[in-house]
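Heads up, the thing below is written out as structure tokens.
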């Protein structure tokens with residue numbers, strides 16, 4: 006298991022980019038244990054609906070057979086989803 010940040014910028018401004026690494030751990034967004042990979046999902050860049058979600062693949066309705074530290078971009082260029090397999094790596 007690894008630890009991942011679990012937050013969304015809709016209800017936690019600290020979840021947004023740029024991520025503030027200088028905050029003490031107690032003030033950073035919440036973390037949860039994860040059996041899969043950490044995920045960072047960025048959507049609607051450059052619009053009023055822009056959002057950043059940091060979570061674990063366990064919580065997402067996607068089937069991942071090949072996750073290899075990859076990022077996938079949305080075709081419209083306004084978002085991307087990245088996967089990583091180290092503790093708290095979805096801060097990036």
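In the numbering used here, the protein residues as written are 6 to 97. Cβ atoms here follow ideal geometry from the backbone N, Cα and C, with glycine treated the same way.
| request: Identify every residue that forms a DSSP beta bridge with residue 46. | output: Under DSSP, residue 46 shares a beta bridge with 58, 86.
| In angstroms, rounded to a whole number, what distance separates the CA positions of residue 33 and residue 85? | Taking C-alpha positions only, residue 33 is separated from residue 85 by approximately 23 Å.
| task | Give a yes or no on whether the C-beta atoms belonging to residue 20 and residue 60 are separated by under 8 Å. | result | Cβ atoms of residue 20 and residue 60: not closer than 8 Å.
| field | Own chain partners of residue 24 with C-beta closer than 7 Å, once the 5 adjacent residues on each side are dropped | value | Closer than 7 Å at Cβ, skipping near neighbours: 96.
| Rounded C-alpha distance that separates residue 57 from residue 89 | The straight-line gap from Cα to Cα measures roughly 16 Å.
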